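Data first, discussion second: the structure below is written as structure tokens.
2 protein chains.
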Amino acid sequence: MEAPLIDVPDGTITTPRGFLAGATAAGIRDDVSGKLDLALLVAEERCAAAAVYTTNRFQGPPLRLTKRHLADGKAQAIIVNAGCANSLTGEQGVRDAQEMAELAAAKAGVAVEDVVVASTGVTGWLIPMDRIRAGVGHLIPTEDGGDGFAHAIMTTDTVAKQAAVRFQHDGVTYTVGGVAKGSGMIHVNMATMLAFLTTDAPVDSAVLSALLRETVDASLNMLTIDGDTSTNDMALLLASGAAGGETIGEGHPALPLLGAALGNVATTLTRKLARDGEGASKLLEVRVDGAASVEDARKAAKAVAGSILLKAAVFGNDPNWGRVLDAVGYCGAEAREERLALSMQEVEVYRDGAPLPFDEDALRQALAHSEVRIRVELGVGEATATAWGCDLTPEYVRINSEYTT
Amino acid sequence: MEAPLIDVPDGTITTPRGFLAGATAAGIRDDVSGKLDLALLVAEERCAAAAVYTTNRFQGPPLRLTKRHLADGKAQAIIVNAGCANSLTGEQGVRDAQEMAELAAAKAGVAVEDVVVASTGVTGWLIPMDRIRAGVGHLIPTEDGGDGFAHAIMTTDTVAKQAAVRFQHDGVTYTVGGVAKGSGMIHVNMATMLAFLTTDAPVDSAVLSALLRETVDASLNMLTIDGDTSTNDMALLLASGAAGGETIGEGHPALPLLGAALGNVATTLTRKLARDGEGASKLLEVRVDGAASVEDARKAAKAVAGSILLKAAVFGNDPNWGRVLDAVGYCGAEAREERLALSMQEVEVYRDGAPLPFDEDALRQALAHSEVRIRVELGVGEATATAWGCDLTPEYVRINSEYTT
């Protein structure tokens, strides 16, 4: 869908009207680095809210609390910390998540049941609540606090991931903003990844969940860094309604535009997450065409983007295209070998069941680009999908062999 | 099952009676290294034969030919080359696999339909048939040729993987031998892995397939190096009957002993494959207890052994045990968080839904051992399983970023 979306340079989650944010260095991992690691987002009014969660069986206490608080489709504040995931922490972890919600509610002046709690960092460590308590005291939410929020939720991320777009409908200007974190342990269903989307559009609660699910399925859920999924991940959408105008519900003419705006922000965040994958030197984009169904197209695209053998080859500028088709072969998607086609960086290397001759040196040079595009035709239908990932580098191994040290 | 199995030091696939093997350096990847890369196994008589194959959708021409030739449950020769997988090679690949079978049949003096063809190496390259033709001329199968065969099938393997055991029943001595190759692209269902098992026991065709399936499901299929599965993998079992004695069929008293011998050889090969995983510095053994079913136990053990985050932590001697439970959480196996238990190198770090205090420096030192054992209790049943893998190292990335260069 083509939509007249206007990019907001340096846009954040507080670019949409009605949202304030603040961040502080609470010293959760250590009290010397001065890294922002605790943040609060507050909406001026209660928002329509929807979320999608990790599929991990062991959901962390913050996530379980958030699920309860969002059961009524409303929320007004988000408290997030980095450095400690507060998951697999037993009963103490449950009490700590509850206290975080209470601290945030008191600070923001909202009901405890309208607070979302998110924690990211090392699994299995108890959260240092004394530092959380002290840190909350230093939070000062403001209208331009979105950027601090984005930095505070980072763990091994090397850059903050934010985006915002605007669109107009019937004389009203609406804004969608988003922020995400995550760079390791990211896989296709809400792995150690947090994403918060805000909009000032007034959105009907009934359509909000479906809107978020569709958005995420085509963007954040098509991202894979290392095949792992964590216990704490979520994508959350808050709609403040502060832009005014009619409530956007089922069949409203602005709904497709709002969907496009959310998709745009979420895809931008997804690409930023992929590019900043732990140790990554390249963004990997895999498009699959000719699939029997969207599910199959997604399955194949994710399998290729997630193949660590291919990811290592991409790191080495190695046109080892057999690894692409190998992944297509084991992913379970329907495909016909005699109608397969494959191109890397627009160079076709395989067509109709047989390898094509190609200039290996030229392709090797093309693969040295910071963005590698792979395109596979399955030859059985019309469905298509795109997945994003990154290369696998020695740096990834270094980072993940030293994380808790 | 405890069985009086006698290990045969330096045993090979030609240790069981009735098998000859030969190998040569055919120059398939290059004609300068002198590496053995073409091998032939010949049985003196037609053998009862069974195989299990890769689950990859795009099975290579050698594998498809082998399936046809084994349809009658009989085989007498195996021709294997390393350096080129002859897969995703179109019609030419099919013709090349057929010619390899014909060359082997002529050399060995057996029927073409009794020849198994296996190719391993780079996917998508046409096999240099002129070198295969010349190489077959140099093959001289002998009774002590098993070791050469084991070296010829190696690709990125750094050591040959072989084993043999003996057992006695009713005055007859039976031998089981085995050889395997594979170190990258190995996952749980016959990924780029070849395993050939031989026995001189006379085995009924009807029980041979089940025997191989059970053996492989508990050993080679519990091995994961990098989550990838290739187009060419197989495990093959040949029973020559040269030891004499009664044919071993359903209900025969020697069947459990034969199963134990096969399991012993296959598990030894599996551990050798894991230890020699590409770039690996450590063997990783993951045992899961208390599962609701064997399927669940296997699923959980494989998920933990396959988590690249955990594998990176193991490389770094990092007691980041949250990554173990994280993998258990996303694998889909039934588990109860409040009854989970976890130990690493016999140090218990988690019990009954909460972390335990432990001496981090001591555990770090214990993890520096060349063999890392992880044990997880799921707390829901009685089933158990073990999976094997290895750590993820910067060397793995280096190897796989340069493979075709």
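From first to last, the protein sequence lines are chains A and B.
Quick note: my numbering has the first sequence finishing at residue 835, numbered continuously throughout.
Quick note: my numbering has the second sequence finishing at residue 835, numbered continuously throughout.
For glycine and all other residues, C-beta sits at the position ideal for the given N, C-alpha and C.
For clarity, every value in this text was computed on a predicted model and none was experimentally measured.
Exercise for the section: Could you tell me if A/V646 is buried or exposed, where buried requires 16 or more neighbouring beta carbons within 10 angstroms of its beta carbon? Expected result: buried
Exercise for the section: May I ask you to list, following chain order, the residues of the stretch 717–741 of chain A that have a beta carbon less than 9 Å from some beta carbon of chain B? Expected result: Identification of residues in the stretch 717–741 of chain A having a C-beta nearer than 9 Å to some C-beta of chain B yields G736, S737, I738, L739, L740, K741, given in sequence order.
Handout entry: Span of the beta strand (DSSP E), counted from its first residue to its last, around A/D719
Key = 713–721
Exercise for the section: Quick one: give me the first and last residue of the alpha helix (DSSP H) that A/R447 is part of. Expected result: Element bounds for A/R447: n/a, residue is neither H nor E.
Problem - Buried versus exposed call for B/M620 [16 or more other C-beta atoms within 10 Å across all chains shown] - result: Because B/M620 sits at a pLDDT of 34, beneath the cut-off of 50, its placement in the model cannot be relied upon, and the following sentence gives the value as read from the coordinates. B/M620 should be labelled buried.
Handout entry: Cβ contact (3+ pairs, closer than 8 Å) linking the stretch 520–527 of chain A and the stretch 485–495 of chain A
Key = yes
Handout entry: A/H568, enclosing alpha helix (DSSP H) - first and last residue
Key = No alpha helix (DSSP H) contains A/H568, which DSSP labels as neither H nor E.
Practice task
Give the DSSP-derived three-state secondary structure of B/M664 in the structure shown.
Solution key: strand
Practice task
Return helix, strand or coil for B/N694, following the three-state DSSP convention.
Solution key: Helix.
Problem - Proximity to B/G847 [Cα-Cα], best of B/R769, B/L450, B/L627 - result: Only positions 431 to 835 of chain B appear in this structure, which leaves residue 847 of chain B out of reach.
Handout entry: Minimum length 4: unbroken alpha helix (DSSP H) runs contained in the stretch 720–775 of chain A
Key = 724–736, 738–745, 752–760
Exercise for the section: Go through its chain and collect everything with a Cβ distance to A/V777's Cβ below 7 Å, but skip five positions before and after it. Expected result: F788, L793, A796
Exercise for the section: Kindly say whether A/I458, judged by its beta-carbon, lies nearer than 9 Å to any beta-carbon of chain B. Expected result: It does not: the Cβ of A/I458 has no partner Cβ on chain B nearer than 9 Å.
Practice task
For B/P683, decide whether its Cβ has a neighbour in chain A, counting only Cβ atoms nearer than 9 Å.
Solution key: no
Exercise for the section: Please name the residue, chosen from A/R803, A/G783, A/S773, A/D821, that lies closest to B/L556 on a Cα-to-Cα basis. Expected result: A/G783
Practice task
Kindly list, in the order they appear in chain B, the residues whose Cβ is closer than 7 Å to that of A/W751.
Solution key: Simply G554.
Problem - Residues, ordered as in the chain, of the stretch 471–505 of chain A that lie near chain B by beta-carbon distance below 7 Å - result: Taking 7 Å as the Cβ-Cβ cut-off, the stretch 471–505 of chain A approaches chain B at T485, N486, R487, F488, given in chain order.
Practice task
Determine the direct distance from the alpha carbon of A/V754 to that of A/A631, and round the result to whole angstroms.
Solution key: 42 Å
Practice task
Could you name the residues that DSSP lists as bridge partners for B/Q489?
Solution key: Answer is none; B/Q489 lacks a bridge partner.
Problem - Beta-carbon neighbours of B/L822, restricted to chain A and to distances below 7 Å - result: What B/L822 touches in chain A, judged by beta-carbon distance under 7 Å, is V827, going in chain order.
Exercise for the section: Could you spell out the range, first to last residue, of the alpha helix (DSSP H) harbouring A/H581? Expected result: 576–582
Handout entry: Closest by C-alpha distance to B/L468, when choosing among B/M530, B/I829, B/G746
Key = B/M530
Practice task
Evaluate contact between the stretch 810–817 of chain A and the stretch 547–556 of chain B, counting only Cβ atoms and requiring at least three cross-stretch pairs below 8 Å.
Solution key: No, they do not touch.
Problem - Through-space distance from A/T654 to B/R459, alpha-carbon basis - result: 33 Å
Problem - Own chain, CB closer than 8 Å to A/F798, minus 5 neighbours either side, in chain order - result: Looking at the sequence provided, one finds Ala at residue 798 of chain A rather than Phe. Excluding positions up to five away in sequence, the list reads N747.
Exercise for the section: With distances taken Cα to Cα, identify the nearest neighbour of B/G693 among B/K537, B/Y780, B/S463, B/G607. Expected result: B/G607
Problem - Beta carbon of A/G736 nearer than 9 Å to that of A/R766 - result: With respect to A/R766, A/G736 sits apart: the two C-beta atoms are not nearer than 9 Å.
Practice task
Please state if the CB of A/A669 and the CB of A/A478 are separated by a distance shorter than 9 Å.
Solution key: yes
Practice task
For B/T519, go through chain A and note every residue whose CB falls closer than 8 Å to its CB, in chain order.
Solution key: A784, P785
Problem - Neighbour flag for A/E832 against chain B, beta carbons, 9 Å - result: yes
Problem - 7 Å Cβ shell around B/M431 - same chain, five flanking residues per side excluded - result: At B/M431, the pLDDT of 43 sits below 50, so the modelled position is not reliable; the number obtained from the coordinates is stated separately. If we look at B/M431 and ignore the five residues flanking it on each side, its Cβ neighbours are P686, A690.
Handout entry: DSSP bridge partner residues for B/F597 (one or two, in chain order)
Key = Residue pairing by DSSP places B/F597 opposite B/Y604 in a beta bridge.
Exercise for the section: Keeping to the same chain, check which residues put their C-beta closer than 8 Å to that of B/H599; ignore five residues upstream and five downstream. Expected result: G675, P683, A684, L687
Problem - Secondary structure, beta strand (DSSP E): runs of 3+ residues fully inside the stretch 529–568 of chain A - result: 545–552
Exercise for the section: Could you spell out where the alpha helix (DSSP H) holding B/T645 opens and where it closes? Expected result: 635–647
Problem - Separation of B/G567 from B/K537, as counted between CA atoms - result: Their Cα atoms are separated by approximately 8 Å.
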